[in-house]
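Below: the structure, in structure tokens.
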Amino acid sequence: MQLIERYRQLTTQPGFHYEDSQAQAVARLQTLTDRLTRSPPPAPRAEGLLGRLFAPRPPTPIPGLYLWGGVGRGKTWLMDLFFEHLPLQHKLRLHFHRFMQEIQDELAHLRQQRDPLKLVARHFAARARVLCLDEFHVEDITDAMLLHGLIKALTDEGISLVFTSNTPPRELYKNGLQRERFLPAIALIERHTQVFELRGDTDHRLQHLQRADTWYTPADARSEKQLARRFDELAPCAGRANHSLLINHRPIPCRRYADDVAWFDFYPLCNAPRSSHDYIELARRLHTVFISAVPIMDEEQDDWTHRFIDLVDEFYDRRVKLLVSAAAEPAALYTGRRLAFEFQRTRSRLAEMRSTEYLALPHRP
13 MQLIERYRQL
23 TTQPGFHYED
33 SQAQAVARLQ
43 TLTDRLTRSP
53 PPAPRAEGLL
63 GRLFAPRPPT
73 PIPGLYLWGG
83 VGRGKTWLMD
93 LFFEHLPLQH
103 KLRLHFHRFM
113 QEIQDELAHL
123 RQQRDPLKLV
133 ARHFAARARV
143 LCLDEFHVED
153 ITDAMLLHGL
163 IKALTDEGIS
173 LVFTSNTPPR
183 ELYKNGLQRE
193 RFLPAIALIE
203 RHTQVFELRG
213 DTDHRLQHLQ
223 RADTWYTPAD
233 ARSEKQLARR
243 FDELAPCAGR
253 ANHSLLINHR
263 PIPCRRYADD
273 VAWFDFYPLC
283 NAPRSSHDYI
293 ELARRLHTVF
303 ISAVPIMDEE
313 QDDWTHRFID
323 LVDEFYDRRV
333 KLLVSAAAEP
343 AALYTGRRLA
353 FEFQRTRSRL
363 AEMRSTEYLA
373 LPHRP
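FYI, the numbering used here numbers position 243 of the sequence shown as 255, with every residue one higher than the one before it.
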């Protein structure tokens with residue numbers, strides 16, 4: 013079945029509807045699928061000195077796709093549809109945070125090598141002919157300075173790239189420190205992908221959702237009793253109380269913990285100096301997370317807000333189930349202006365994460 017046929021089939025089901033912009037994106041993904049499946053796989057690379065001297069030149073990468081658009085337009089869904097439909101064994105799909113963590117971990121192991129980025133790219137080429145990166149965005153100066161060399165190394169190895177993003181390439185890392193050094197990375201993205209804007213006025217995550225009992229306001233004693241009841245339902249063995257979970261060699265205190273279910277207070281999760289790497293590891297290890305006392309945040313708490321955005325991104329990507337007591341509904345949690353654009357995605361994802369459709373999805377550790 014062609015990808016466009018699968019798309020049309022899915023959009024006849026309840027909760028979905030056909031959109032011209034999505035269909036145009038699917039057509040481009042189908043073209044990419046056809047080109048990838050018709051192209052011969054790269055020749056295996058020999059190991060050792062002979063492999064370095066006589067290795068065949070990597071193929072020129074087939075141009076990928078940079079799919080961008082507003083919150084809830086269906087970008088991640090279309091990427092997943094493409095990835096599942098692509099009949100290649102060597103393919104890889106990662107959330108951008110998780111991808112950068114892998115890169116940093118590999119570079120740490122290879123720091124004594126002459127050209128570590130080339131070695132990292134070679135390792136990825138052994139795993140994938142096409143690399144799909146979801147929620148591509150650049151805020152960290154370390155990532156920004158690394159990406160030009162990294163993208164060049166990946167494409168030099170013949171890897172085709174597919175991105176989803178809320179931002180067009182030329183707006184990436186806007187107003188960031190030393191942005192002029194990031195501009196060559198933008199040029200590489202535009203050279204090696206077709207940039208396509210997914211237009212539309214509908215946030216598909218908010219359509220036809222059956223809201224489940226997972227968000228409790230206000231964060232009072234009654235809400236805490238509700239969370240305790242739900243925890244008992246999910247973990248009848250009770251687990252351990254007042255436990256510390258060791259994440260990336262640092263403890264995070266939690267109220268209760270039972271195997272792959274944990275209950276945290278908001279402040280140890282988002283007020284402490286944590287990185288997206290911590291949330292990646294939590295999302296890998298836990299299929300359900302309870303969070304108590306999420307406050308309303310403004311610009312004075314932008315550090316908290318930024319961490320909460322990262323946490324929700326990682327949990328959503330790994331289909332972690334989230335139960336929360338909060339001072340307000342998601343739409344009213346952030347009242348500042350600086351992160352208002354980024355928090356739109358968080359509000360949308362929190363709404364979807366309350367749906368019975370999302371709750372029925374399997375965890376992706």
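Think of the CB as a built atom: it goes at the ideal place given N, C-alpha and C, for glycine as much as any other residue.
| Check | Outcome |
| --- | --- |
| Beta-carbon proximity list for F194, same chain, < 6 Å, skipping 5 on both sides | A156 and Y185 |
| Nearest residue (CA-CA) to T49, options P73, F108 and F28 | P73 |
| Test item: CB-CB of C282 and F320 under 8 Å | yes |
| Pick from I153, D152, Q190 and F95 that is closest to D146, judged by C-alpha positions | F95 |
| Beta carbon of L15 nearer than 8 Å to that of T45 | yes |
| Three-state class that DSSP yields for R267 in the structure shown | strand |
| Which of helix, strand or coil DSSP assigns to A240 | helix |
| Limits of the unbroken beta strand (DSSP E) element including Y78 | G76 to W80 |
| Distance between L258 and H109 (C-alpha atoms, nearest Å) | 20 Å |
| Sub-8 Å separation of E311 and R349 beta-carbons | yes |
| Residue from Y291, A284, A340 and E192 with nearest C-alpha to D382 | The requested residue 382 does not occur in the structure, where the chain is confined to residues 13 to 377. |
| Span of the beta strand (DSSP E) around L143 | V142 to D146 |
| Boundaries (first-last residue) of the beta strand (DSSP E) holding I303 | T300 to V306 |
| First and last residue of the uninterrupted alpha helix (DSSP H) at I420 | With the chain represented from 13 up to 377, any question about residue 420 goes unanswered, as that position is not in the structure. |
| Reduced DSSP category for L221 - H, G, I as helix; E, B as strand; rest coil | With a pLDDT of only 48 at L221, under the threshold of 50, the placement of this residue in the model should not be trusted; the figure read from the coordinates follows. Coil. |
| C-beta contact flag for V332 and A295 at 8 Å | yes |
| Entirely enclosed alpha helix (DSSP H) segments - the segment 273-348, minimum 4 residues | 278-282, 288-297 and 314-329 |
| Straight-line gap, A270 to F243 (C-alpha atoms, nearest Å) | 9 Å |
| Neighbour-count burial assignment, E31, 16 or more Cβ in a 10 Å radius | buried |
| At least three beta-carbon pairs within less than 8 Å, the segment 165-176 to the segment 109-125 | no |
| Residues near T358 in its chain [Cβ-Cβ closer than 6 Å; skip 5 each side] | I321 and V324 |
| Closest residue to S235 among L246, A340 and P180 (Cα-Cα distance) | A340 |
| Cβ neighbours of P77 in the same chain (closer than 7 Å, five flanking residues each side left out) | The identity of residue 77 in the sequence shown is Leu, whereas the question assumes Pro. Result list for L77: R40, L41, L44, V174, T205, Q206 and F208, in chain order. |
| 8 Å contact criterion, which D272 and R297 should meet: CB distance rounded | 7 Å |
| Classification of D290 by the beta-carbon crowding that lies within 10 angstroms, buried from 16 upward | buried |
| Through-space distance from Q101 to F28, alpha-carbon basis | 29 Å |
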